[in-house]
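Asker: My questions all concern the structure below.
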Amino acid sequence: MSPDGGDELGVPLNPASEVEGFAVLERATVQRLVPGFDWRRFAAPSPRHRPAVPLGQATIGLVSTSGARVAGQPPFIRSRRGDPSFREIPADTAIGQLEFNHVGYDVRNAYADPDCVFPLALLCRLADEGLIGGVAARAYSLMGYITQTDVLLEETGPAIARALAADNVDLAFLVPA
Amino acid sequence: MSITQAPEITRLSRPSLTCVVAHPFGLTLGAVGDEPTHRAVIEAVLRTAAEDHPAGSVIDLGFAWTRDDLRERQLRKER
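In structure tokens form, the structure reads like this:
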């Protein structure tokens, strides 16, 4: 048992809130599909780097787990193990060309208003208004049910990071669905 | 810079800086058509990104879902 009373892996045994309870429920749900699944833990946080330029000059790179894709790209795989792949979405993609598939939420709202989970169009408007310097030429989308965390950490994540760096992104903005 | 709707899970993975937005899954930035809230969330996240917070900080922005009980039902994994 961990010092805070959690289980041997640190997840609260007696949730103090609905959110804590959700962590337990969600893990149990996934374990029925992928025996042995657990949340990935890290001993130290990722390093923090504040943007080197003011927001009004910053290029923002959007990364979303909404399951968004451009029409014609293959949908994310709906399987017990999830799908660790990603889709590259040009920043000038018309809203009508966005498609969504995801196992964890009702995508009808995303189709009705993509900004709810994939705010590419809104970020472009904010750039036009001068709140931010600009939006990276490419946005990235994953489907948030990913149980193959090794693939995510060793392949998918680094590939997206390299692409964001190549697009001179000052701030990566990760939006979950 | 990231958003989370499930901070207890996020605290396990320890990203560099995260903002809590207590909205339902699938409506992260707000309701369909609610551009003022979508903008308010993004602007609050960007302001937080420009502030001096130590690595691993999880900042509650104070956004809560009051339209219905969708978020509560999702957290209980009710259909």
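Protein sequences, first through last, are from chains L and S.
When you read off a place in the first sequence, starting at 1, and then add 10, the result is the number in my numbering.
When you read off a place in the second sequence, starting at 1, and then add 406, the result is the number in my numbering.
By construction, the Cβ of each residue, glycine as well, lies at the ideal position given by its N, Cα and C atoms.
This structure is a prediction, so every number in the text was calculated from the model and none was measured.
Express the C-alpha separation of valine 451 (chain S) and leucine 433 (chain S) in angstroms, rounding to a whole number.
Answerer: Position 27 of the second sequence holds residue 433 (chain S). Position 45 of the second sequence holds residue 451 (chain S). About 16 Å.
Asker: Is it buried or exposed for threonine 39 (chain L), if we count other Cβ within 10 angstroms and need 16 for buried?
Answerer: By one-based count along the first sequence, residue 39 (chain L) stands at place 29. Result: exposed.
Asker: List the endpoints of the continuous beta strand (DSSP E) containing serine 151 (chain L).
Answerer: Residue 151 (chain L) sits at position 141 when you count from the first residue of the first sequence. Counted as a single uninterrupted DSSP element, the beta strand (DSSP E) harbouring serine 151 (chain L) occupies residues 148-152.
Asker: Counting only the same chain and skipping the five closest in sequence on each side, list residues whose C-beta sits under 7 Å from that of valine 127 (chain L).
Answerer: The residue given as residue 127 (chain L) occupies position 117 in the first sequence. Excluding positions up to five away in sequence, the list reads Ser74, Ser76, Ala120, Val185 and Ala187.
Asker: Which residues in chain S have a C-beta closer than 8 Å to the C-beta of alanine 120 (chain L)? List them in chain order.
Answerer: Numbered from its first residue, the first sequence carries residue 120 (chain L) at position 110. The contacting residues are Gly432.
Asker: Whose Cβ in chain S lies nearer than 8 Å to the Cβ of valine 127 (chain L)?
Answerer: Translated into positions along the first sequence, residue 127 (chain L) becomes position 117. Those are Gly432, Leu433, Thr434 and Leu435, listed as they occur along chain S.
Asker: Taking the alpha carbon of proline 55 (chain L) as the reference point, which residue from S:Arg417, S:Gly468 and S:Val426 has its own alpha carbon closest?
Answerer: As a working note, residue 55 (chain L) is residue 45 in the first sequence. With distances taken between Cα atoms, proline 55 (chain L) lies closest to S:Arg417.
Asker: List the residues of chain L that proline 460 (chain S) touches, going by C-beta distances under 9 Å, in chain order.
Answerer: Position 54 of the second sequence holds residue 460 (chain S). The answer, in chain order, is Pro55 and Arg58.
Asker: Is alanine 173 (chain L) close to chain S? Criterion is C-beta to C-beta, closer than 8 Å.
Answerer: Indexing the first sequence from 1 puts residue 173 (chain L) at position 163. Cβ-Cβ to chain S under 8 Å: no for alanine 173 (chain L).
Asker: Distance check for glycine 144 (chain L) and glutamine 67 (chain L), CA to CA, integer angstroms please.
Answerer: Locating residue 67 (chain L) in the first sequence gives position 57, where the first residue counts as 1. Locating residue 144 (chain L) in the first sequence gives position 134, where the first residue counts as 1. Each residue's alpha carbon lies about 7 Å from the other.
Asker: How would you write the range of the alpha helix (DSSP H) that leucine 481 (chain S) sits in, first residue to last?
Answerer: Locating residue 481 (chain S) in the second sequence gives position 75, where the first residue counts as 1. Counting along the chain, the alpha helix (DSSP H) containing leucine 481 (chain S) begins and ends at 476-481.
Asker: Does the region 77-90 of chain L come close enough to the region 412-426 of chain S that 3 or more CB-CB pairs lie under 8 Å?
Answerer: no
Asker: Given that proline 421 (chain S) touches chain L, what residues does it touch there, using C-beta distances under 8 Å?
Answerer: Counting from one through the second sequence, the residue named residue 421 (chain S) turns up at place 15. Residues of chain L passing the Cβ test: Pro55, Ser56 and Leu184.
Asker: Pick helix, strand or coil for aspartate 458 (chain S), following the three-state DSSP scheme.
Answerer: For the purposes of this step, residue 458 (chain S) is taken as residue 52 along the second sequence, with counting starting at 1. Coil, per DSSP.
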